[in-house]
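Take a look at the structure below.
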Amino acid sequence: MGLVGGILGFGLGLPLGLAAACLVYLRFLAPRRRPQDPVIRPLRDLDHETLQTMVQDIPLWVKYPDYERIDWMNKFICDMWPFLDKAICKIIRGVAKPICDQYVGKYGIESIEFGNLTLGALPPTLQGIKVYEMREKELVIEPVIRWGSIANVTVDVKVHSFKLSAQLLDLHVMLTPRVTLKPLVPSFPCFASLCVSLMEKPHVDFGLKLLGGDVMAIPGLYRFIQEQISKQIAIMYHWPKVIEVPILDGASGATKKPVGVLNVKVIRAMNLPKMDLLGKSDPYVKLRLSGERLPSKKTSVKMSNLNPEWNEHFRLVVKDPETQVLELQMFDWEKVKMHDKMGVQVIPLRLLTPYESKLFTLDLLRSMNPNDQQNKKNRGKLVVELTFDPFREENSTSPLISDVEGNISLKRDVPDGGGVLLVSVENAEDVEGKRHTNPYAVVLFRGEKRETKVIRKARDPRWNEEFQFVVDEAPMDEKIHIEIRSRRGRLLPFRTQESLGHVNINLVDVVNNGRINEKYRLINSRNGKLQLEIKWNTV
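full-length UniProt numbering applies: residue 1 is where the sequence shown begins, and numbers increase by one.
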């Protein structure tokens, strides 16, 4: 009985003792720990020691005179944040879905979905911003961003009918990025690319729960994860490393200028898989350079052939041989349904030596994702030959010639072979239509047609668009036709287009001099003029 009584006494006494201790704590100790309302005082009334303790919390526009306060921007972000939150979360869902779908069906994963996805009600805050003196065609700013969000992101993963969940909570971020807008161009938004790099090591803090348990509560894991995340972000984006985001496309005329021509010879393919149920395959190849929005070039279709030979030549304009890659895609031609993709492969242009041909025998892959298990499947081989021909530099010792009137001009030797004709349609003046004035320019050369964008209701339109024509020989005895037209709404079936004037330009002066930049008077226009720049680059 003594043993049983002792056990019962311990079992009843322990909970009663804990309950009594909790009541004593709540009654006598808890009120002392209640937070008090903060005392707000002007900075001028604080002593030196107090200022030293709170120096980290003082905004940068107070500590450093070259940082400016932008309360108006914070107010704008605060008012827009409920809508920005939904828009950003929608973009995150759209970007994450194809990535998650790649893992569905592997490792027993049945589905990966977002449960909750919100960035919280608290927007990021700009503590200050520093603007450097503007250089030529470049603007540099350094904002200081702090974000103490109450984000709630839940990802649900279903594995073998079991549901696993991971939750991200209370994301806190402090960043000091340097944002460079370059080059500045006369097309909205007035800069072609946005370059971002971090000037200081970022601070990232968040809570993480797996299956409802707080992972960050594990001793030592919280600080380790925080340091690793900050370290990896700093390795990728800390200055002088830069992430570049292109803003304007090639139509703006703000991208890099061409530096050469890539000659591509699609030779043959070998051991292609059968794609047709009752036959073989009808393969053809599409090729393009990365970073270009021009249509892809295509080979002919080889019907019912698993080892086709093309020996077809293509010429592509290169703008950055250090970063661009040649993208090759092989398709199976179909008469009715969508063409089936047979395989892809890429070739970095940095592997090429100028003026030297190089043969590549490529294994076709399902995708360029290195984790794609389907890439292990044999999809055949593709053989291509590449040659990169850089443009020749201008010859500063070209002879001077004079005409019968004594006018002196610079004449350069015209080498044999092809090159690239660059036509830059800059702007027009005093163009006016009879019924509407929505001008755009049409460039016709050797049967190829290129168009600028339409500028609505403008008599002095400005396009600043550049077009490229790759030719096999210098266009010494040829002309280029450029016409200004006006286009009404496409839905109207009557009188939708109207000519506002045109000009025909002999290209012999362009080939001899390498470049012309002139203002031409439009034919069949009362006062219309057109500003053009035409260049001829040889390889």
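C-beta atoms are modelled at their ideal positions from N, C-alpha and C, and glycine is treated no differently.
I need the DSSP call for residue i, collapsed to helix, strand or coil.
{"i": "S369", "result": "Here residue 369 is Asn; the residue named in the question, Ser, does not match the sequence. Coil, per DSSP."}
{"i": "A441", "result": "strand"}
{"i": "A474", "result": "coil"}
{"i": "Q374", "result": "helix"}
{"i": "R456", "result": "coil"}
{"i": "D340", "result": "strand"}
{"i": "L532", "result": "strand"}
{"i": "D79", "result": "helix"}
{"i": "L349", "result": "helix"}
{"i": "P308", "result": "coil"}
{"i": "L410", "result": "Its pLDDT being 45, under 50, L410 is placed unreliably in this model, and the value from its coordinates should be taken loosely. Three-state DSSP puts L410 in a strand."}
{"i": "K106", "result": "coil"}
{"i": "N517", "result": "strand"}
{"i": "R485", "result": "strand"}
{"i": "N524", "result": "coil"}
{"i": "G381", "result": "Checking the displayed sequence, the identity of residue 381 turns out to be Lys instead of Gly. In this structure, K381 counts as strand in the three-state DSSP scheme."}
{"i": "L84", "result": "helix"}
{"i": "G433", "result": "coil"}
{"i": "K479", "result": "strand"}
{"i": "P390", "result": "strand"}
{"i": "T538", "result": "strand"}
{"i": "K335", "result": "coil"}
{"i": "G94", "result": "helix"}
{"i": "D45", "result": "helix"}
{"i": "D363", "result": "strand"}
So if DSSP puts residue i in a beta bridge, which residue, or which two residues, is it bridged to?
{"i": "Q468", "result": "L422"}
{"i": "S193", "result": "K182 and P246"}
{"i": "W147", "result": "V173"}
{"i": "R315", "result": "N263"}
{"i": "N427", "result": "R462 and Q531"}
{"i": "S111", "result": "K158"}
{"i": "I129", "result": "E68 and P143"}
{"i": "M330", "result": "V285 and G343"}
{"i": "R450", "result": "V443"}
{"i": "D509", "result": "D509 is not bridged to any residue."}
{"i": "D205", "result": "H172"}
{"i": "G501", "result": "I484"}
{"i": "A121", "result": "Answer is none; A121 lacks a bridge partner."}
{"i": "L211", "result": "L211 is not bridged to any residue."}
Does the distance from the C-beta atom of residue i to that of residue j stay below 8 Å?
{"i": "L175", "j": "A151", "result": "no"}
{"i": "V140", "j": "G128", "result": "no"}
{"i": "N438", "j": "W463", "result": "no"}
{"i": "residue 560", "j": "L507", "result": "An answer regarding residue 560 cannot be provided, because it is not within the stretch 1 to 539 covered by the chain."}
{"i": "K163", "j": "N271", "result": "no"}
{"i": "L352", "j": "L386", "result": "yes"}
{"i": "P183", "j": "E138", "result": "yes"}
{"i": "P321", "j": "R366", "result": "no"}
{"i": "L316", "j": "V264", "result": "yes"}
{"i": "G148", "j": "L122", "result": "yes"}
{"i": "D205", "j": "Q226", "result": "yes"}
{"i": "A166", "j": "L210", "result": "yes"}
{"i": "H160", "j": "G212", "result": "no"}
State the CB to CB distance for the pair residue i and residue j, rounded to an integer number of angstroms; the pair is presumed to be in contact (CB under 8 Å).
{"i": "K158", "j": "E142", "result": "K158 to E142, Cβ: 45 Å. No contact."}
{"i": "L364", "j": "M338", "result": "Rounded, the Cβ-Cβ distance is 19 Å, inconsistent with contact."}
{"i": "V259", "j": "P390", "result": "6 Å"}
{"i": "L306", "j": "K286", "result": "About 19 Å; that fails the 8 Å criterion."}
{"i": "V318", "j": "V384", "result": "Their Cβ separation, rounded to whole angstroms, is 16 Å, which puts V318 and V384 out of contact at 8 Å."}
{"i": "W310", "j": "R268", "result": "7 Å"}
{"i": "G115", "j": "V155", "result": "7 Å"}
{"i": "L326", "j": "V344", "result": "L326 to V344, Cβ: 11 Å. No contact."}
{"i": "L522", "j": "H502", "result": "6 Å"}
{"i": "L117", "j": "I92", "result": "7 Å"}
{"i": "V471", "j": "G419", "result": "7 Å"}
{"i": "residue 565", "j": "I243", "result": "Not covered by the structure: residue 565. The range shown for the chain is 1 to 539."}
{"i": "K519", "j": "D430", "result": "With a Cβ gap of about 11 Å, K519 and D430 do not count as contacting."}
{"i": "P283", "j": "K302", "result": "6 Å"}
{"i": "S499", "j": "N524", "result": "7 Å"}
{"i": "L289", "j": "Q324", "result": "5 Å"}
{"i": "G207", "j": "M199", "result": "Going by Cβ atoms, the distance from G207 to M199 rounds to 27 Å, so no, they are not a contact pair."}
Please indicate yes or no: does the CB of residue i lie closer than 7 Å to some heavy atom of the ligand HEM?
{"i": "D71", "result": "Inclusion of the ligand HEM in the displayed structure is not the case, the ligand content being empty and no account of it being possible."}
Next on the checklist: Could you tell me which whole alpha helix (DSSP H) segments of length 4 or greater appear in the region 215-302?
Outcome noted: 221-237
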